[in-house]
Each structure stands twice: as structure tokens, then as C-alpha cells.
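Sequence positions in the sequence shown follow the numbering used here and run 2 to 69.
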Amino acid sequence: MEKLTTVEAFHAMILFLETYYEQTQADDIGALLGSLQLLEDGKPADPALWQDWLKSSESVIFSSIYHV
Numbered sequence: 002m003e004k005l006t007t008v009e010a011f012h013a014m015i016l017f018l019e020t021y022y023e024q025t026q027a028d029d030i031g032a033l034l035g036s037l038q039l040l041e042d043g044k045p046a047d048p049a050l051w052q053d054w055l056k057s058s059e060s061v062i063f064s065s066i067y068h069v
């Protein structure tokens, strides 16, 4: 499997959540997807979520360095 960029992984997460929402109609997932909606600049409607995503991505990348 190829490695994804941070942006590609973000898009994959959105696709996963959209699929889950279509199956469950869970209100909390719908609200999250609303906040993750991408604007014209490619960033989510809630800019804090993008920063949270970057921090989470860095944590995963950092931890994988030591758990290869």
C-alpha cells in the first residue's frame, strides 16, 4: 500500500466518515462532517479541525518512527 500525504489522508478520513454517515445517519457524525466541509481554499470550514488533524498526523508519524 502506498503512503498517503497528510492531505490525502484527510480526504480519506472524510470519505470514510461520509460512508459511515450514509449507513447510520448518526447526528454527531453529520455535525462533524459539516465542520470538515472543505472550502475553496481546500481547508475545512472549522480551521481548528485542520490544526487538530495536523497534530494527530504528526503524533502518528512520530510514534511510527519508533514502532517499525
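Think of the CB as a built atom: it goes at the ideal place given N, C-alpha and C, for glycine as much as any other residue.
Every value quoted in this text rests on a predicted model; they were computed, and no experiment measured them.
Start-to-end residues for the alpha helix (DSSP H) that takes in Q24:
T7 to T25
Give me the Cα-Cα distance between E59 and L18, rounded to the nearest whole angstrom.
21 Å
Since L39 and L50 are thought to touch, with beta carbons under 8 Å apart, how far apart are those beta carbons, to the nearest angstrom?
About 11 Å separates the two Cβ atoms, so there is no contact after all.
Closest by C-alpha distance to A46, when choosing among Y22, I15 and E3:
I15
Sub-8 Å separation of L5 and Y22 beta-carbons
The beta carbons of L5 and Y22 sit no closer together than 8 Å.
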